[in-house]
Every structure is written in C-alpha cells, then in structure tokens.
DNA sequence: AACAATTAATTGTCAGACAAATCAAGGCGG
DNA sequence: CCGCCTTGATTTGTCTGACAATTAATTGTT
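Shown next, in the form of structure tokens:
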C-alpha cells in the first residue's frame, strides 16, 4: 500500500522521519501488522541515506510502535500495542519521574491511594474468586516470619495489583499498576517493624474481607486507614533520620 | 566520571547498549545533566562501531532519557524527565492503546470517571480560585452557540483537566491528564445535541459549585451523574448507528 | 513427494569520510 | 583594557559503500 508521509520542518532528519511514520501509524494510515517498505525504499522515498532511516526506525522501535525482523520476508512491521508492553514502559517512566523530580513520599502515596480508591467500588462489584485468592495468598506471605523488607514490599505491590485487577477494567489496570509499581522503590525505603507489619496485615485482611462481602464503603474506609498508616510510617522514618543526622553531624540536614 | 556498563547477552547490539545505559541511568550511576562519553568513546568502550552506538542513543532519546547537542561542548546528556515530557508520551501511548485494542467506550469511560472521582476529595479540599476560574471559563465556552462538536470536546477536556489539577498533586495530574486526553478521540465520536450540551453544562456547573463549596460528596455525586449521562449518550449513538446499519444493509453488523 | 541446497531479500554491523553546529581561545581594533 | 571577530577544535548529523547474519522462497535431487 502506498502511504503518504508528511514531513515537518523541525529538527533533525531522523526525527522528522520518525515523526512522519509515527503520525501515519497514529492516524491509522498504517495499520497493525502492516509491513513498512524496506529501509532502502524508505531511504529513497525520504531522499536520505539508510543509516538515517535506521535511526528513525530505532526511535519507533524504542516506543514499541514497530518491530523488525530480518531475513527474506523481514522488515519493519507496525506493532499491535498491548497493555503489557505499554506497562513496562510506563513503570520505567514513572519510576524515573518519581526519583528525578524528587517527589516527596507523601505526594506519591496520596496519589497512589487516591487512584486505588477509585478502583474499590468497581472491585467490590466485580471481584472474582481468583482475585480474592491472590489477595489472601499475598496476605499469608506477608505474615511469614523472616521475610525481607524487599520481599514484603513486593508482596504488598502484588496485593494492591490484585485489588486493581479486581476492578475488571483493563484501562484502569494499565494506568494504575504502573503507578503502584513505580512507587515500590520509594516504599522500599521504609523498614517495617514486626508491629507495623502486623498492622498492615490486619488492614489488608480487612480490605479483602470487605471486598469479599462486596462492601465498597468499608473497603474504602480500610484503604483510607492503610493510607494514613503508611504516611505515618514514612513520617517516623523521616523523623528518625533527622534525629540521627542531628546527633551525628551537628547541623541538621535540609531534609532533601 | 567512569561508569560501568553491564551488557546483557540478549538481542541486537544496539539494544544491549541502550539497555546498559538505561540501566545506568535508572540505577543512578548516571545522574541528571551528566554528559555521556562521546559517540566515538562509547564505540570504543563497547567495542562496536559508531553507527551502532548512535542507534542505541536514538532509542534512549526517543524515550526522553537523554538529549543530544552538537558542537564543541556538545554530546549526550542525561535528561531530567519532566512531567510534561512524560505527558505527551503517555497520551500517544494511551491513544494508541485505546484505538488498537479497540477498548469499548464504556470501559474507557468508566476508567476515566473512576480516576477523576479519585481526585474529587483532594480537589474539594485544595482547589484555588484559578482552578475555579478555569472551570467557569470552560463552562462559559461550552455554552456558546455554534460551537463545533470538536471544540466542545476540547473544552470538556480542559474542564476535566482543571478538575484534576485542582487536586494539587502532580503525580495525579500526570497520570490522569494523560488518560483524560487520550479519551478525547473516543469522545469526539459523539455528536452533542443542544439538549445534551445543556445537560452536560448543568452538570459541569454543579460540579464547579460543589468544589467551590468544598463539598466533596456532592461533587462526587454530580460527577457520577455526568458519567452515567455520558454512557447513556454513547449508548444512544450505538443504538442509532445499529438502526441505520440495519435499515441500510439488511443484515445487522457485529457491532465491532 | 519429501528433503536438501541454493538464492534472493532484508536487517545488522562496520569503516571512513565530510558537513554542520557550537564553544573556546586567540588576535585585532577601538 | 575591553569588545568583537576569526580561527580552530570538538562533537553530532549525514552520506557512501561494503560485508555479515538471518530468514523465506525457490530450485534441484532423490
């Protein structure tokens, strides 16, 4: 199929070409699994050299918009973007955003629980036995003695992911699971005492119970309690760190 | 600074190199605004040719992880990822996801309003006069006669964006504004009659009023009503389209 | 007809070169 | 002494041409 590409007059050639092809994909002029012309043909069409075309294709490949195969009937093909592909991408981006913009824990935490709260009514209405089973399993794991903080956090993420998935809306799962997982590095900074683990465990159990009973209001309340407790824990960590800094270094740190 | 890169043994060279550098950035071994070695040096370090290094760098540039400048003190620099950068990227991805996975309108709509609902309590507590002013302005524009459906949708997006921003949480804004804007193409398929516009306008006004009064519960209720009405409109469109198809083509379509 | 070898097409990688942009330093004039 | 211009060095952007690796279709052989 002959596809028209519209070049913009901005930036480097490979950027322009990547943009033109991307626009063609987004606008539907190139459809899923359609094969792009070979690099040589593209180079001729755009009147550039093959390396330039290649750089443009690599840009698109990095965004999962195309895949390439070599060989006789190889070439570049338009990708069907799947939720799970976009997922990993979003986690990387979100993680970097959180770390580089130095979002404070409270803000990230607030966002996370606000988003999860959005899922609760749907989850209460639609949760299946498998979702509940996953939650119970993670709760059980979180109760195991000798679990490392990191494993505890990972299990925590799995629990919340099950909650989000229980809402039965793939768009929500995609958006949210990214946000939840991106927060894990921040959560990992918290060291969980036995007492705080017990408390979290109890709240997780209460949330699972409420969802099992399809009681959205109670689930929201328990989730809110969990959010508050998490922030409380983070405050403790911050306070303790500051105390240590003052005791050790004399001048108090900036808190950053 | 000397940075170690860890290559994985999977896939093409440029993929491996891009992955190694990306890992170094994510892990913090390369910090923001740090300059990477020149392409020639990287080529030597990784023992590949310069074009291969370039393809790897283009992959990273496509993800906004690095920026490049030419010239004497130019080179590739680690980007500080800003929310607005990630934003555009997320909109493209979300738009493609929605169109290519053929998410039905109801699912997308449900997700959107669930997410917005998560913002309401925060927005009620924190909305400033500027957020209210933006909302009022968009409501006013939506009331203008002769406004095209597309402009109406755009204004709708702006209104909801103000709502999200009123929550005063950049993480929420980033996550949500992407979801809301990605839905616009789907929303554009609806043609708004004068009557439905008036109804939507009224609901927008009610939401703004509730936020002005810092009444989260009422705002949530009005938002729920808006969600229900939007889905109702979409159902109408679907029903009318099916009726037309049956009248014209004989056999009813699959709905897809 | 089934299997193996060949061939063609395509991407992946390399080498070397030049153009374009950009900054730093030095020279020149005021 | 200060400011402007020129020059040079450095680095990315692009081109050319070539070869290697991979894959599918074709052809030949049994």
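Residue numbers (our numbering), protein chains in the order written: chain A, 1 to 256; chain B, 1001 to 1256. Every residue, glycine too, gets a C-beta built ideally from N, C-alpha and C.
Beta-carbon spacing of residue i, residue j below 9 Å
i	j	result
residue 207(A)	residue 233(A)	no
residue 103(A)	residue 30(A)	no
residue 1033(B)	residue 1080(B)	yes
residue 8(A)	residue 27(A)	no
residue 1089(B)	residue 63(A)	yes
residue 1052(B)	residue 1099(B)	no
residue 177(A)	residue 126(A)	no
residue 1105(B)	residue 1231(B)	yes
residue 1162(B)	residue 1191(B)	no
residue 211(A)	residue 132(A)	yes
residue 1216(B)	residue 1124(B)	yes
residue 1330(B)	residue 1154(B)	Missing from the structure shown is residue 1330(B); chain B here goes from 1001 to 1256 and no further.
residue 107(A)	residue 1170(B)	yes
residue 72(A)	residue 35(A)	no
residue 258(A)	residue 1083(B)	Examination of residue 258(A) is not possible in this model, given that chain A is present from 1 through 256 alone.
Chain A contact residues for residue i, given Cβ-Cβ distances below 9 Å
i	result
residue 1051(B)	51, 54 and 55
residue 1184(B)	Within chain A, no residue comes near residue 1184(B); the closest Cβ sits about 13 Å away, beyond 9 Å.
Inter-residue Cα distance where the pair is residue i and residue j
i	j	result
residue 37(A)	residue 1003(B)	39 Å
residue 139(A)	residue 1122(B)	29 Å
residue 1060(B)	residue 59(A)	8 Å
residue 1261(B)	residue 1044(B)	The question about residue 1261(B) has no answer, for chain B in this structure spans 1001 to 1256.
residue 1244(B)	residue 1195(B)	22 Å
residue 130(A)	residue 95(A)	29 Å
residue 42(A)	residue 50(A)	8 Å
residue 175(A)	residue 115(A)	9 Å
residue 1227(B)	residue 1109(B)	7 Å
residue 68(A)	residue 39(A)	11 Å
residue 1018(B)	residue 55(A)	13 Å
residue 1025(B)	residue 23(A)	29 Å
residue 1011(B)	residue 16(A)	27 Å
residue 188(A)	residue 1145(B)	54 Å
residue 225(A)	residue 1085(B)	34 Å
residue 1253(B)	residue 137(A)	Only weak support is given to the placement of residue 1253(B): the predicted model assigns it a pLDDT of 44, under 50, and the value that follows is read from those uncertain coordinates. One C-alpha to the other measures close to 44 Å.
residue 46(A)	residue 6(A)	10 Å
residue 1197(B)	residue 1112(B)	19 Å
residue 157(A)	residue 1152(B)	40 Å
residue 1255(B)	residue 1235(B)	At residue 1255(B) the pLDDT is 42, less than 50, meaning the model places this residue with poor confidence and gives no usable figure here.
residue 229(A)	residue 1238(B)	46 Å
residue 1242(B)	residue 221(A)	43 Å
residue 1150(B)	residue 1101(B)	23 Å
residue 314(A)	residue 1184(B)	It is not possible to answer for residue 314(A), since the shown part of chain A is limited to 1 through 256.
residue 1240(B)	residue 1205(B)	29 Å
residue 218(A)	residue 120(A)	10 Å
residue 1164(B)	residue 74(A)	45 Å
residue 1213(B)	residue 1128(B)	12 Å
residue 246(A)	residue 186(A)	23 Å
residue 193(A)	residue 160(A)	20 Å
Where residue i meets chain A, residues with beta-carbon distance less than 7 Å
i	result
residue 1169(B)	107, 110 and 111
Proximal chain A residues relative to residue i, where beta-carbon distance stays under 8 Å
i	result
residue 1115(B)	115, 118, 172 and 175
residue 1122(B)	110 and 114
residue 1230(B)	Simply none; closest approach about 15 Å.
residue 1045(B)	Under the 8 Å cutoff, chain A gives no residues; its nearest Cβ is about 20 Å from residue 1045(B).
Within chain B, partners of residue i - CB distance below 8 Å
i	result
residue 179(A)	1171 and 1175
residue 14(A)	1058
residue 92(A)	1022, 1026 and 1063
Chain B contact residues for residue i, given Cβ-Cβ distances below 9 Å
i	result
residue 32(A)	1100
residue 142(A)	Those within 9 Å of residue 142(A) in chain B number zero; the least Cβ separation is about 25 Å.
Along the stretch 94-110 of chain A, where does the CB come closer than 9 Å to a CB of chain B? Name the residues. 94, 95, 96, 97, 98, 99, 100, 101, 103, 107, 108 and 110
Review point. When Cβ atoms are compared, which residues of the stretch 1062-1086 of chain B fall closer than 7 Å to chain A?
Key: 1062, 1063, 1080, 1081, 1083 and 1086
task: Could you pull out every unbroken alpha helix (DSSP H) segment of at least 4 residues lying fully inside the stretch 15-48 of chain A, listed in chain order?
output: 39-46
Complete runs of the alpha helix (DSSP H) confined to the stretch 1161-1198 of chain B [at least 4 residues]
1170-1182 and 1184-1187
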